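Working notes, beginning with the structure itself.
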Amino acid sequence: MTTFVRVCGLSELEEDTPKRVELDGTPVSVVKTEGEVFAIHDICSHANVSLSEGEVEDCQIECWLHGSSFDLRTGKPSGLPATRPVPVYPVKIEGDDVLVSLTQES
Ligand code: FES
Numbered sequence: 576m577t578t579f580v581r582v583c584g585l586s587e588l589e590e591d592t593p594k595r596v597e598l599d600g601t602p603v604s605v606v607k608t609e610g611e612v613f614a615i616h617d618i619c620s621h622a623n624v625s626l627s628e629g630e631v632e633d634c635q636i637e638c639w640l641h642g643s644s645f646d647l648r649t650g651k652p653s654g655l656p657a658t659r660p661v662p663v664y665p666v667k668i669e670g671d672d673v674l675v676s677l678t679q680e681s
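Per our numbering: the sequence shown = residues 576 to 681.
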């Protein structure tokens, strides 16, 4: 069963500014961009770096350390050095509540 948990308020999110939250001990980066909200695992698949400290552009979040970008919809890296995807999670918006489920989408 998919369980959604409130992680923050929609009004707390700034456009293209990732917000790091923890859900059951799992670090998740919540990003509002292009009219949607996305949730992506907050650790780069290349090394132990927080993706929420990177920049968001064109629906991608960039790892600040070596520059791989991950698609916020699929978690796939667009370029080296990262080769493995990062988990992305389903998001629901209910009023001002942003809810995330740790069920992996892809
Ligand atoms: S740690 Fe993220 S690309 Fe190297």
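Where is the CB? At the ideal position from N, CA and C, for every residue including glycine. Just so you know, these numbers come straight off a predicted model, no measurement behind them.
Which word fits Lys667, buried or exposed, when buried means at least 16 other C-beta atoms lie within 10 angstroms of its C-beta? Counting from one through the sequence shown, the residue named residue 667 turns up at place 92. Exposed: under 16 other Cβ atoms inside 10 Å.
Taking Thr649 as the reference, which of Gln635, Glu669, Cys583 has the closest Cα? Translated into positions along the sequence shown, residue 649 becomes position 74. Considering only alpha carbons, the answer is Gln635.
Mapping DSSP to helix, strand and coil, what is Glu589? Translated into positions along the sequence shown, residue 589 becomes position 14. Here Glu589 sits in strand by DSSP.
C-beta contact flag for Ile615 and Leu647 at 9 Å: Taking the first residue of the sequence shown as position 1, residue 615 is located at position 40. Taking the first residue of the sequence shown as position 1, residue 647 is located at position 72. Taking 9 Å as the Cβ cut-off, Ile615 and Leu647 qualify as a contacting pair.
Are the beta-carbon atoms of Pro652 and Val661 separated by less than 9 Å? The count along the sequence shown starts at 1 and reaches residue 652 at position 77. The count along the sequence shown starts at 1 and reaches residue 661 at position 86. Cβ atoms of Pro652 and Val661: closer than 9 Å.
Round the Cβ separation of Arg595 and Ser625 to the nearest angstrom and send it over; I've been treating them as touching at under 8 Å. Position 20 of the sequence shown, counted from the start, is the residue given in the question as residue 595. Position 50 of the sequence shown, counted from the start, is the residue given in the question as residue 625. At roughly 6 Å, the Cβ-Cβ gap stays under 8 Å, so Arg595 and Ser625 are in contact.
Assign Val580 to one of two classes, buried (16 or more other C-beta atoms within 10 Å of its C-beta) or exposed (fewer than that). To locate residue 580, count along the sequence shown from 1; it is residue 5. The residue is exposed, with fewer than 16 neighbouring Cβ atoms inside 10 Å.
So the beta strand (DSSP E) Phe645 belongs to, where does it begin and stop? Here residue 645 is taken as the residue at index 70 of the sequence shown, counted from 1. It spans 644 to 646 - the beta strand (DSSP E) in which Phe645 sits, taken as one unbroken run.
With 16 as the cutoff for other CB atoms within 10 Å, does Ser692 come out buried or exposed? The first residue shown for the chain is 576 and the last is 681, placing residue 692 beyond what the model contains.
Does DSSP put Ser627 in a helix, in a strand, or in coil? Here residue 627 refers to the residue found at position 52 when the sequence shown is read from its first residue. Ser627 falls in the helix class under three-state DSSP.
Buried or exposed (CB count within 10 angstroms, at least 16 for buried), Glu589: Against the sequence shown, residue 589 aligns to sequence position 14. Exposed, by the Cβ-count rule.
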